[in-house]
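Remarks on the structure that follows.
There are 4 protein chains.
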Amino acid sequence: MQANERAQPLRVGVAGLGRLGRRHAGNLAYRVPGATLAAACSPLEDDLAWARDALPEARLYRDYAELLVDTSVDAVWLVTPSALHAQQIVDALRAGKHVFCEKPLSLDVAECERVVEEARRFPDRQVTIGFMRRFDPSYHDAFEQVRAGAIGRPFLVRSQTCDLNDPDGFFVRFAPGSGGIFLDCTVHDIDVARWLLGKPRATRVFAAGAVALHEGLREYGDVDNGVAICEFQGGKLAMFYASRTMAHGNDTSSEVFGTAGALAIGHLPRANRVEIYDAHGVRSVCTPTFFDRFEEAFLIEAQAFVAAVRARHGGEAGAVEHAQQGATLEDALEATRIGFALRESLRTGQAVTL
Amino acid sequence: MQANERAQPLRVGVAGLGRLGRRHAGNLAYRVPGATLAAACSPLEDDLAWARDALPEARLYRDYAELLVDTSVDAVWLVTPSALHAQQIVDALRAGKHVFCEKPLSLDVAECERVVEEARRFPDRQVTIGFMRRFDPSYHDAFEQVRAGAIGRPFLVRSQTCDLNDPDGFFVRFAPGSGGIFLDCTVHDIDVARWLLGKPRATRVFAAGAVALHEGLREYGDVDNGVAICEFQGGKLAMFYASRTMAHGNDTSSEVFGTAGALAIGHLPRANRVEIYDAHGVRSVCTPTFFDRFEEAFLIEAQAFVAAVRARHGGEAGAVEHAQQGATLEDALEATRIGFALRESLRTGQAVTL
Amino acid sequence: MQANERAQPLRVGVAGLGRLGRRHAGNLAYRVPGATLAAACSPLEDDLAWARDALPEARLYRDYAELLVDTSVDAVWLVTPSALHAQQIVDALRAGKHVFCEKPLSLDVAECERVVEEARRFPDRQVTIGFMRRFDPSYHDAFEQVRAGAIGRPFLVRSQTCDLNDPDGFFVRFAPGSGGIFLDCTVHDIDVARWLLGKPRATRVFAAGAVALHEGLREYGDVDNGVAICEFQGGKLAMFYASRTMAHGNDTSSEVFGTAGALAIGHLPRANRVEIYDAHGVRSVCTPTFFDRFEEAFLIEAQAFVAAVRARHGGEAGAVEHAQQGATLEDALEATRIGFALRESLRTGQAVTL
Amino acid sequence: MQANERAQPLRVGVAGLGRLGRRHAGNLAYRVPGATLAAACSPLEDDLAWARDALPEARLYRDYAELLVDTSVDAVWLVTPSALHAQQIVDALRAGKHVFCEKPLSLDVAECERVVEEARRFPDRQVTIGFMRRFDPSYHDAFEQVRAGAIGRPFLVRSQTCDLNDPDGFFVRFAPGSGGIFLDCTVHDIDVARWLLGKPRATRVFAAGAVALHEGLREYGDVDNGVAICEFQGGKLAMFYASRTMAHGNDTSSEVFGTAGALAIGHLPRANRVEIYDAHGVRSVCTPTFFDRFEEAFLIEAQAFVAAVRARHGGEAGAVEHAQQGATLEDALEATRIGFALRESLRTGQAVTL
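Residue numbers (the UniProt record's numbering), protein chains in the order written: chain A, 1 to 354; chain B, 1 to 354; chain C, 1 to 354; chain D, 1 to 354.
Now the structure itself:
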């Protein structure tokens with residue numbers, strides 16, 4: 001990596017400067033060796049004001065099209081509204097850029113397929129979808145242990161995405177556009193399951209749900225707690241749980257069971273290494289949000305993307321593997337396909353065959 | 001209770017002296033205040049030889065019918081093969097006995113219904129089916145916390161029954177008679193879920209499974225790992241996992257999620273309070289079998305049954321509640337009904353509506 | 001054991017029917033195979049009234065001397081005030097009884113020595129001092145692992161006895177007679193350390209203390225938090241911590257370090273297997289008192305004593321080992337000697353050589 | 001901080017490019033906003049070759065004196081042999097530099113005092129000694145909780161520094177120069193204890209030790225396992241344990257007890273959030289070395305130093321507090337003084353009064 005650090009840095013332009021976008025921009029500007037934050041783009045004046053202060057060396061644009069014509073930008077980093085992702089990826093590829101795009105690729109399977117097809121025309125461009133859990137050190141360690149055969153043949157993943165309850169139910173307003181709990185939350189668990197099980201294709205799914213607290217979701221056919229089973233080719237299985245009503249914090253965990261053992265990742269979502277002994281007993285405070293839980297993963301994800309692009313350019317051995325560490329467009333398509341089937345199953349009460 | 005201990009003891013006759021039967025017999029003979037082990041019954045000479053040595057004060061019978069005509073036996077304790085349970089319960093009730101019967105009530109729903117109907121004719125007889133988890137101190141504590149409102153309204157249970165792998169696959173031979181993994185193992189989790197959720201009725205289930213290690217199960221349509229979802233009336237949910245292939249021990253755990261918090265019972269199936277620090281890291285040895293995990297529950301279950309019968313006879317306040325602590329025939333019927341539907345779903349790949 | 005259970009039971013007489021005495025009496029009456037509670041003794045009318053109700057089959061005495069002349073009592077069980085222990089043991093031995101005595105043997109080293117000497121005249125009588133931790137299943141498992149060489153050569157024990165704070169400071173009134181925190185609490189840890197390290201003799205100790213909450217202790221030279229180091233022959237070491245001011249419960253734990261690993265017993269004093277997920281984080285409720293933590297140990301201790309006496313009488317192989325499972329008078333003498341030295345060190349601020 | 005990031009960066013020169021020096025250099029070069037690594041210095045050709053490759057923008061020196069005359073260096077970062085620290089700090093201050101110096105300040109109390117005195121002449125220079133635990137997020141969280149009163153008045157700290165055993169005993173060769181286990185390892189725990197207890201002065205100490213595995217230490221009067229008690233003004237206490245013979249990894253943990261609760265930091269030194277379920281039970285792999293455990297602390301420590309210096313220059317509110325987050329020379333002096341007394345106590349077997 002040291003050699004890379006001296007090579008020409010990768011010049012990145014971030015599109016989207018909301019809460020998560022700002023975090024990505026800060027990482028790319030100050031914490032990713034081999035990258036410079038060359039440009040940032042948002043239609044919102046507030047975002048640009050923030051950028052003028054926090055990202056003094058970045059060129060600022062209001063319009064994504066302007067970013068794409070900036071020839072000193074090598075890669076775009078999309079943290080824009082989900083509905084824009086698909087077209088923005090295609091446009092970026094046509095403009096010759098590498099692309100990192102936050103999940104989801106799209107809430108529409110056909111649109112996912114169009115992007116996959118289009119991207120095949122640009123095989124020398126790196127495209128990564130932001131399933132950041134793959135870069136969390138604990139998830140990564142589990143993945144490597146599975147790959148090394150530590151648990152024999154993996155055949156079952158249980159995985160959950162559980163968010164701290166927002167008593168204001170602010171998110172209910174976004175229910176129409178979020179795609180529902182399975183496409184918004186479980187899509188991460190779907191990607192984790194496929195990644196840990198060797199990327200099998202799903203064959204059948206079943207889902208059910210409950211509205212525990214947020215009655216407003218009912219009119220959109222959505223739930224605040226969802227459970228699901230997914231069957232894969234080769235007799236592999238996954239169980240998913242997603243919740244928006246936890247009292248204790250963001251509780252994201254996964255387990256992978258194999259023929260010779262099992263691994264659990266993230267049991268007890270402790271915020272740090274402190275335990276408190278008081279009248280409540282012995283307790284650990286929990287990570288409040290996915291930002292807190294996956295802060296490090298977001299950073300490593302950015303470092304890995306930059307390293308992957310530079311490895312391609314450097315013609316380095318291992319470049320292909322580097323490039324595949326993150327989720328590909330095909331992975332994102334498959335996760336969306338499964339998420340859709342779960343939503344369909346929730347709606348109909350029937351198992352859905354893929 | 002002290003008053004009870006001086007009252008006339010309950011005279012119990014155990015039928016079935018296999019591994020679990022012997023444990024029940026030893027508890028009743030030596031560790032249950034207010035009970036005496038008056039008789040024991042088995043058709044096997046080995047069992048009777050064991051009993052002559054270990055239970056010197058018990059009258060011994062080869063034939064269940066003889067036990068039933070022994071008028072100095074107040075209650076029978078059935079630890080016999082599952083296929084006999086239903087008829088033996090009915091016979092015992094007709095002979096005027098109270099009945100404790102190991103799970104399952106029956107592997108046939110219609111037969112369960114016949115027993116329920118017959119038992120209605122004997123309202124003053126105590127009949128309890130041995131879902132011992134209800135008496136495990138940790139499960140009981142969780143139940144009491146839920147009842148006291150500690151987690152708000154409970155709406156989801158996740159529960160698992162995972163056994164240490166038997167490399168010889170000895171249990172495969174019993175697959176034809178066990179009813180399959182859901183009726184044999186998950187039936188405990190079904191009872192736990194209904195008990196913690198307020199005894200709702202199931203409305204729809206879906207199940208899937210995998211054969212991870214024991215290929216011989218395929219010919220019986222059984223699996224060594226099964227997953228399931230159960231929807232209940234009132235929008236409540238349960239997820240189940242059963243496995244016969246764990247590498248670390250018997251891992252039985254449950255979680256109940258409510259609108260204001262959650263409780264986990266049995267996470268990390270540590271055998272005791274010892275942690276080992278060595279070249280493997282920091283570790284806890286696990287309970288190898290359900291006997292080790294639920295030893296205390298079997299004892300408390302017996303104590304509770306005896307206390308319940310004596311409370312009925314003593315006309316004590318709280319007698320009804322005592323009597324309902326364990327699983328009733330109706331609970332066992334509902335657990336069997338759900339277990340059957342899970343087996344059907346596994347077979348068909350479709351959701352099953354109840 | 002089954003053979004024993006048919007042999008003549010050991011007839012026990014309990015002396016002292018306070019809180020702990022009643023627990024011992026209840027265990028011996030109803031939960032110890034091979035024992036009967038033949039008699040009980042207390043000078044207090046309240047205690048005797050309790051006994052008439054709870055122990056209907058026991059002969060009741062006001063006077064310890066009456067208990068000793070009851071020839072149908074084989075063993076006495078002393079749960080009397082500490083100051084009486086030494087003489088009561090001697091008197092019981094002279095009356096031909098086996099003796100179980102709660103700790104401490106005495107708060108006076110010379111008196112301990114007199115009892116040891118006197119007891120040598122009765123080699124066929126079983127005398128055990130109630131260091132119940134040895135019978136806790138987790139402590140016992142650790143002991144067996146150490147003995148089997150699992151951690152190599154053990155050379156260091158850390159052990160603590162920490163009690164839930166009593167805001168009323170009721171115990172301060174007993175400070176004059178308790179012998180101080182080291183003789184009252186740490187004496188258990190001293191016994192654990194010697195037991196796990198192979199019963200070495202102490203060579204030097206140092207102690208210090210703090211009054212965190214209970215200022216009233218100062219006038220007795222006592223503290224509510226004490227720390228100590230003990231050096232043993234052969235270069236072995238122990239560290240002790242005792243506290244009366246915990247906010248979370250009774251927290252009794254020990255660690256033993258060896259040349260090839262370490263064992264921890266009782267880290268995280270969870271009351272059971274339930275974890276609570278709520279706005280405080282994820283927590284375990286703790287055992288409030290040593291009664292709750294060591295309930296099982298008290299029972300096993302009684303079973304082991306009875307088994308040991310019966311094994312002696314039965315001339316069984318292993319009888320000697322059985323008899324030595326609990327703490328001997330010599331163990332109690334050595335623990336008292338070390339406890340005294342700690343008190344002396346606390347008083348003088350100097351290391352004390354033994 | 002964003003404003004700072006645009007201000008003139010702090011130009012740092014690292015002296016010493018061994019294993020830890022290289023880590024500091026890499027952090028300062030690439031991961032500390034507001035800093036640039038302007039120069040690096042080592043007498044060793046290997047180190048310089050590494051630096052030419054890894055730190056292409058740094059000016060390289062063989063001689064510390066050259067670094068001090070480089071006027072474009074604002075601060076020096078000493079990761080040199082311990083014996084050089086004291087004089088190098090003084091020389092740096094006289095050359096007008098801010099100073100970060102790895103612990104220990106010196107192994108000689110008088111020399112520590114000389115540095116403290118000399119540094120008083122340069123009140124506008126930032127001098128921090130590298131007790132990095134203060135910057136570990138978990139230690140920092142505990143410190144903030146204590147400061148906020150969460151556990152009432154803190155009165156006792158238990159703290160340990162336990163290293164994975166090196167079977168080759170390589171470190172034995174360095175025993176003559178390390179100052180012994182208390183000055184080399186426990187000095188961190190001493191600083192933690194004083195920091196969490198409000199920086200009290202020690203009044204008396206006692207130490208003992210054992211040679212568990214590394215017999216070669218005996219000739220230097222050193223041990224591979226040491227235990228100690230430290231009494232502070234105001235009736236506060238600390239207990240320390242240091243070991244070089246752990247089987248499971250680097251196990252650094254601390255506890256602070258207060259009148260209303262306690263906090264534990266670092267119990268169970270798990271490497272990450274993965275748990276392994278296999279034939280050994282359920283286990284966590286541990287951090288092998290202090291590098292792995294405190295990687296993040298080293299980075300935050302560097303960020304805090306840089307922020308503190310820049311805050312001084314910016315005349316910012318909170319600058320003084322920032323500047324005091326790390327250990328001052330006075331803290332290092334006091335830690336050394338206590339470490340010395342522990343060594344003296346180990347040697348003499350007597351308590352040592354300070």
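C-beta atoms are modelled at their ideal positions from N, C-alpha and C, and glycine is treated no differently.
task: Step through the CB atoms of chain D and report whether any lies within less than 8 Å of the CB of residue 274/A.
output: Taking the first sequence and counting its residues from 1, one reaches residue 274/A at position 274. Residue 274/A counts as touching chain D.
task: Just list the beta strand (DSSP E) runs in the region 64–92 of chain B, keeping only unbroken ones of 3 residues or longer that don't cross its boundaries, in chain order.
output: 75–78
query: Under 8 Å between C-beta atoms, does residue 281/A make it to chain C?
result: Residue numbering aside, residue 281/A sits at position 281 when the first sequence is read from its first letter. Yes, residue 281/A lies at the interface with chain C (some Cβ there is under 8 Å from its Cβ).
- request: Please list the partners that residue 236/B has in chain A, where partner means a Cβ-to-Cβ separation under 8 Å.
  value: The residue given as residue 236/B occupies position 236 in the second sequence. Correct list: 210.
- prompt: Is there at least one Cβ from chain B nearer than 8 Å to residue 244/A's Cβ?
  reply: Residue 244/A sits at position 244 when you count from the first residue of the first sequence. For residue 244/A, the answer is no, since every Cβ of chain B falls outside 8 Å of its Cβ.
Cβ neighbour criterion (16 or more within 10 Å) applied to residue 362/D: Residue 362/D lies beyond the residue range present for chain D, which begins at 1 and ends at 354; the question has no answer from this structure.
- prompt: From the beta carbon of residue 286/A, is the nearest beta carbon of chain C less than 8 Å away?
  reply: Taking the first residue of the first sequence as position 1, residue 286/A is located at position 286. Closer than 8 Å: yes.
query: Whose CA, out of 39/D, 300/D, 60/D, 231/D, lies closest to the CA of residue 158/D?
result: Position 158 of the fourth sequence, counted from the first residue, corresponds to residue 158/D. The option with the nearest alpha carbon to residue 158/D is 231/D.
Residue 160/B - containing beta strand (DSSP E), residue span: Counting from one through the second sequence, the residue named residue 160/B turns up at place 160. Segment 154–164, the beta strand (DSSP E) holding residue 160/B.
query: residue 31/A CB to nearest chain D CB: under 8 Å?
result: Counted from its first residue, the first sequence places residue 31/A at position 31. Yes, residue 31/A counts as interfacial toward chain D.
task: Could you say which of 220/A, 74/A, 139/A, 160/A lies nearest to residue 177/A if we only look at CA atoms?
output: As a first step, residue 177/A must be located in the first sequence, where it is residue number 177. Ranking the options by Cα distance to residue 177/A, first place goes to 220/A.
task: State the DSSP-derived secondary structure class of residue 146/D, mapped to helix, strand or coil.
output: Walking along the fourth sequence from the start, residue 146/D turns up at place 146. Helix.
- request: Show which residues of chain D have a CB atom less than 9 Å away from the CB atom of residue 268/B.
  value: Position 268 of the second sequence, counting from 1, holds the residue named residue 268/B. By Cβ distance, chain D contributes 275, 282.
field: residue 57/C to residue 39/C span [Cα, whole Å]
entry: Sequence index remark: in the third sequence, residue 57/C carries index 57 (1-based). Sequence index remark: in the third sequence, residue 39/C carries index 39 (1-based). Roughly 8 Å separates the two Cα atoms.
message: Using beta carbons (cut-off 8 Å, strictly below), is residue 89/C in contact with chain D?
response: Stepping through the third sequence from its first residue, residue 89/C is reached at position 89. By this cut-off, residue 89/C is not an interface position.
message: Quick check for students: name the residue ranges of the alpha helix (DSSP H) that lie wholly in the UniProt domain "GFO/IDH/MocA-like oxidoreductase" (142–263) of chain C, counting only runs of 4 or more.
response: 175–178, 187–197
query: Using a C-beta to C-beta distance shorter than 9 Å, which residues of chain D count as neighbours of residue 264/A?
result: Within the first sequence, the letter at position 264 stands for residue 264/A. Residues of chain D passing the Cβ test: 273, 274, 275, 276, 277, 282.
query: With C-beta atoms as the reference, is residue 226/C less than 8 Å away from residue 207/C?
result: By one-based count along the third sequence, residue 226/C stands at place 226. By one-based count along the third sequence, residue 207/C stands at place 207. Against a cut-off of 8 Å, the Cβ pair of residue 207/C and residue 226/C comes out as a contact.
message: With DSSP as the reference, identify every bridge partner of residue 278/C, one or two as the case may be.
response: Residue mapping note: residue 278/C aligns to position 278 of the third sequence, counting from 1. In DSSP, residue 278/C forms a bridge with 281/C.
task: Provide the residue(s) that pair with residue 129/B in DSSP beta bridges, ordered along the chain.
output: For the purposes of this step, residue 129/B is identified with residue 129 of the second sequence, where counting begins at 1. According to DSSP, residue 129/B bridges with 101/B, 327/B.
task: Keeping to the same chain, check which residues put their C-beta closer than 8 Å to that of residue 143/D; ignore five residues upstream and five downstream.
output: Numbered from 1 along the fourth sequence, position 143 holds the residue referred to as residue 143/D. For residue 143/D, where only same-chain residues beyond five positions count, the Cβ hits under 8 Å are 134, 195, 196.
query: Grouping DSSP H, G and I as helix and E and B as strand, with all else coil, what is residue 352/D?
result: Within the fourth sequence, numbered from 1, the residue matching residue 352/D stands at position 352. Note: residue 352/D maps to strand in three-state DSSP.
- request: Find the nearest neighbour of residue 203/B within the set 293/B, 341/B, 112/B, 269/B, judged by alpha-carbon distance.
  value: Locating residue 203/B in the second sequence gives position 203, where the first residue counts as 1. The candidate whose alpha carbon is nearest that of residue 203/B is 341/B.
field: Where the beta strand (DSSP E) containing residue 14/B begins and where it ends
entry: In the second sequence, counting from the first residue as 1, residue 14/B sits at position 14. First-last of the beta strand (DSSP E) with residue 14/B: 10–15.
- prompt: In or out: residue 154/D buried (at least 16 other Cβ within 10 Å) or exposed?
  reply: Your numbering for residue 154/D matches position 154 in the fourth sequence. Buried, since its Cβ has 16 or more Cβ neighbours within 10 Å.
message: Using C-beta distances below 6 Å, list every residue in its chain close to residue 2/D, excluding the 5 sequence neighbours before and after it, in chain order.
response: As a position in the fourth sequence, residue 2/D is number 2, starting the count at 1. Below a pLDDT of 50, predicted positions are generally treated as unreliable, and residue 2/D, at 41, falls in that range; no measurement from the model is reported.
message: Going by C-alpha to C-alpha distance, which of 214/C, 179/C, 175/C, 162/C sits closest to residue 189/C?
response: Here residue 189/C refers to the residue found at position 189 when the third sequence is read from its first residue. Closest by alpha carbon: 162/C.
message: Any beta carbon of chain C sitting closer than 8 Å to that of residue 155/D?
response: Translated into positions along the fourth sequence, residue 155/D becomes position 155. With 8 Å as the cut-off, residue 155/D counts as an interface residue toward chain C.
- request: Give the secondary structure of residue 31/C by DSSP, where H, G and I count as helix, E and B as strand, and everything else as coil.
  value: What you label residue 31/C is simply residue 31 of the third sequence in a count that begins at 1. The answer is coil: DSSP assigns residue 31/C none of H, G, I, E or B.
query: How should residue 215/D be labelled, buried or exposed, when 16 other C-beta atoms within 10 angstroms of its C-beta is the threshold for buried?
result: Here residue 215/D refers to the residue found at position 215 of the fourth sequence. Exposed: under 16 other Cβ atoms inside 10 Å.
- prompt: Going along chain C, which residues have a C-beta under 7 Å from residue 231/D?
  reply: Position 231 of the fourth sequence, counted from the first residue, corresponds to residue 231/D. Ordered by position in chain C, the residues that pass the 7 Å Cβ test against residue 231/D are 208.
- request: Could you check which residue in 104/B, 269/B, 124/B, 139/B has the C-alpha nearest to that of residue 334/B?
  value: One-based indexing of the second sequence puts residue 334/B at position 334. Nearest option by C-alpha distance: 104/B.
task: Determine, using beta carbons only, whether residue 2/D comes closer than 8 Å to chain A.
output: Reading the fourth sequence from its first residue, position 2 is the one you call residue 2/D. Per-residue confidence for residue 2/D stands at a pLDDT of 41, beneath the threshold of 50, marking its modelled position as unreliable; the derived number appears in the next sentence. Closer than 8 Å: yes.
message: So for residue 336/C, helix, strand or coil by DSSP?
response: By 1-based counting over the third sequence, the position of residue 336/C is 336. Of the three classes helix, strand and coil, the one that applies to residue 336/C here is helix, per DSSP.
task: Give the secondary structure of residue 60/C by DSSP, where H, G and I count as helix, E and B as strand, and everything else as coil.
output: Against the third sequence, residue 60/C aligns to sequence position 60. Residue state, collapsed to three classes: strand.
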